[in-house]
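Numbering (this note's numbering), first residue to last: 544 to 1022. For glycine and all other residues, C-beta sits at the position ideal for the given N, C-alpha and C.
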Amino acid sequence: MPEFFEESEEEEDQLPDIEGEEVVMRMAPYPSGPLHIGNSRMVILNDEYVKRNDGKLILFFDDTIGSKEKKLQHYAYDMIKDGLDWLGVDYHEVYYKSDRMDIYYEYAEKILEKGEAYICECSAERLQKNRREGEECPHRSQSVEKNLKMWQAMLDGAYEEGEAVMRIKTDMQHPNPAFRDRVLFRICNREHPRVANKYHVWPLLEFSWAIDDHLLGMTHILRGKDLVMEDQMEEHIWDIFDWDAPEFLHYGMLRLKDVHLSKSEFQEKIRTGEMSGWNDPRTWSLQSLRRRGIQPEALRDFILGFGMSKTDIEVPASKLYAENRKMIDSKANRYFFVPEPVKITLEGDIELDEVEVPRHPDHEERGNRKIKTAREVLIPKKEWEEKQGEEIRLKNFCNIKLDGKKGVITGSGRRDLIKIQWLPEGLDAEVEMPDSTVVTGKVEKGMSSVSEEELIQFERFGFVKVQGKEPVFACYAHS
RNA sequence: GCUCCCGUGGUGUAGUCCGGCUAAUCAUAUCGGCCUCUCGAGCCGAUCACACGGGUUCGAAUCCCGUCGGGAGCACCA
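Below, the structure is given as structure tokens:
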């Protein structure tokens, strides 16, 4: 406990303080899949700020209908909560955008009445062209009455998808073309996982957020810098309603080296069977990290170490592994795992019985595990290939010189040789690697006393988290 | 192309707002050495950075201008 205190004290300097007596923040995941390591920055930062300021954190499912590419998934809601629980993120209230459609409609009407928005029947192409060229379309100058009528028609289903949208009036000469008369509502007939086909006019994020951030009394909004334009849009809408603006905080883009994260892509690969599910380590989902034995505290430290800078960063996954290793090294008991075993026969004088190996080199109190010694032993294929003709030590047993499938015993005293793991025989075992390939091999029989889900280290192989024991199946965390 | 953001060692990060206390912090990585019957952990040491060019100033990583480089947005996605 004192260590934890020290840690967080240190970490405190990494985040800039925020102003305000009361802090209310929200995190808004889009439920197209479970949270992955990329999303964890958003939730951890929110959680951290709220905890440090004794504030309130709202979990707000940003489940408007989305695009065809990013599909909402009914199971994602629970997986997101599951991930947050695991991460130790405490939220105090839960909301769903899909529950609040009537509220958005109400304010949509108000904004039309104020003459600050209009219903546009231009095609998407036309709309984009006008935006690029800064030209106003004829719909922009329609009367309020006409707009309200068309809006009602939208709600009544008189338009098909793409035939009409509600747009806000900004300034078609706005220096940022992207800002010009953005779309606030559009028609979509796709089925929603929570409210099915109840609605077919859906708000876009800038509008729904402008309304909810105000209604729910948000004091600070934390978002990636990919969403900075949304700040401006929200501020514009708040101005129209004469509402006070919360404070915005931004962080830069975070990428893992050599890792490409895309939920819609994973969704597709899972659908086609190319990935086994969201447990697949390649998804980097929080669930898959838990399965590998990554500690939530390690992930939190990893993320907090980046602070709040707007700099874009690319970090190797080994940085996360280093954090994790610190936390699990003393917990994880040691066992022998022989990947791709090759059987060799020992020749020469040796007394056969059993050897004792400590469960943990730094914790003798955990006792020893016993391994029977035998003439025929299994060693890893890698060393068998690389160390031919050389002298090596079978750890805690004896020294041998490799000669094909023979091991000529050269003594049993400890010597300064490379020491490898070995087994007389063993239980079948499989280890799933981070790239989802599987390494097969044998583990010592003592493994049968290991509990499921236990985090252990296979000596000279890496840390793994046990998933099952018949046969032994484990997920590789890192070296 | 347009709008905005960012540029400190291999990778991240502190310091930049309020210029001197910094011959620039910490972590990780790398390389040595010690220790250890694991290629794990631990301990000790070493290497390595203020993008560039001007300006302001007694003094600039810190302020100003310019250049270059990187990123994000420019969707009827979030």
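> Residue range of the alpha helix (DSSP H) that T762 falls in?
Replying inline: T762 -> no alpha helix (DSSP H), and no H or E assigned at all.
> Do the segment 624-644 and the segment 575-593 meet, that is, are 3 or more Cβ pairs less than 8 Å apart?
Replying inline: yes
> Can A739 and I780 be called in contact, C-beta distance under 8 Å?
Replying inline: no
> Just the Cα atoms here: how many angstroms apart are Y1019 and K985?
Replying inline: In a straight line, the C-alpha of Y1019 is about 15 Å away from that of K985.
>> Quick check: what's the CA-CA separation for V1007 versus I646?
In response: 49 Å
> Sorted by chain position, which residues of the same chain lie with C-beta nearer than 7 Å to A875's C-beta, five sequence neighbours on each side aside?
Replying inline: L998, I999, Q1000, F1006
> Going straight from the alpha carbon of G891 to that of G950, what length do you get?
Replying inline: 9 Å
> Buried or exposed: where does I856 fall if 16 or more other Cβ atoms within 10 Å of its Cβ makes it buried?
Replying inline: exposed
> Thinking C-beta only, is S575 closer than 8 Å to Q512?
Replying inline: Residue 512 lies beyond the range of the chain shown here (544 to 1022); nothing can be said about it.
> Hey, which unbroken runs of the beta strand (DSSP E) at 3 residues or more fall wholly within the segment 642-722?
Replying inline: The qualifying runs are 660-663, 708-711.
>> Using DSSP's beta-bridge definition, name the partner residues of S994.
In response: S994 pairs with nothing; no bridge assigned.
> Per DSSP, what kind of secondary structure is T953 in: helix, strand or coil?
Replying inline: strand
> Considering only the beta carbon of each residue, do M715 and E678 sit closer than 8 Å?
Replying inline: yes
>> Taking only three categories from DSSP, how would you classify W821?
In response: coil
> How about R674 and P718: are their beta carbons less than 8 Å apart?
Replying inline: Taking 8 Å as the Cβ cut-off, R674 and P718 do not qualify as a contacting pair.
>> Measuring alpha carbon to alpha carbon, tell me which residue in R725, I922, M568 is nearest G947.
In response: For G947, the nearest C-alpha among the options comes from I922.
>> For the segment 838-852 against the segment 969-977, do three or more pairs of beta-carbon atoms, one drawn from each stretch, fall closer than 8 Å, so that the two count as touching?
In response: no
>> Three or more C-beta pairs under 8 Å: does that hold for the segment 694-702 against the segment 728-746?
In response: yes
>> Report the start-end ranges of each alpha helix (DSSP H) in the segment 552-609 that is 4 residues or longer and not cut off at the edges.
In response: Fully enclosed alpha helix (DSSP H) runs of no fewer than 4 residues occupy 583-595 of the segment 552-609, in order along the chain.
>> Within a Cβ cutoff of 8 Å, which residues of the same chain sit near E995, ignoring the five residues on either side of it in sequence?
In response: V1009, Q1010, G1011, K1012
> Just the Cα atoms here: how many angstroms apart are M709 and D755?
Replying inline: Rounded to whole angstroms, M709 and D755 show a C-alpha spacing of 18 Å.
> How many Å lie between M544 and A1017 at the Cα?
Replying inline: A caution first: M544 carries a pLDDT of 21, below 50, which makes its placement in the model too unreliable to give a value.
> Residue range of the alpha helix (DSSP H) that I623 falls in?
Replying inline: 619-630
> For the alpha helix (DSSP H) that contains K869, what are its first and last residues?
Replying inline: 860-871
>> By the DSSP assignment, the beta strand (DSSP E) with P882 in it spans what residues?
In response: 880-882
>> Distance check for I871 and E553, CA to CA, integer angstroms please.
In response: Any reading at E553 must be qualified, since the residue scores a pLDDT of 33, below 50, and its modelled position is unreliable; the value itself is stated next. Cα to Cα, E553 sits roughly 21 Å from I871.
> How would you label Y592, buried or exposed, when you count the other beta carbons within 10 angstroms and need 16 or more for buried?
Replying inline: Counting Cβ neighbours within 10 Å, Y592 comes out buried, since at least 16 surround it.
>> If you reduce the DSSP assignment to three classes, tell me which class G947 lands in.
In response: coil
> F1004 by DSSP, collapsed to three states: which one?
Replying inline: Reduced to three states, the DSSP call for F1004 is coil.
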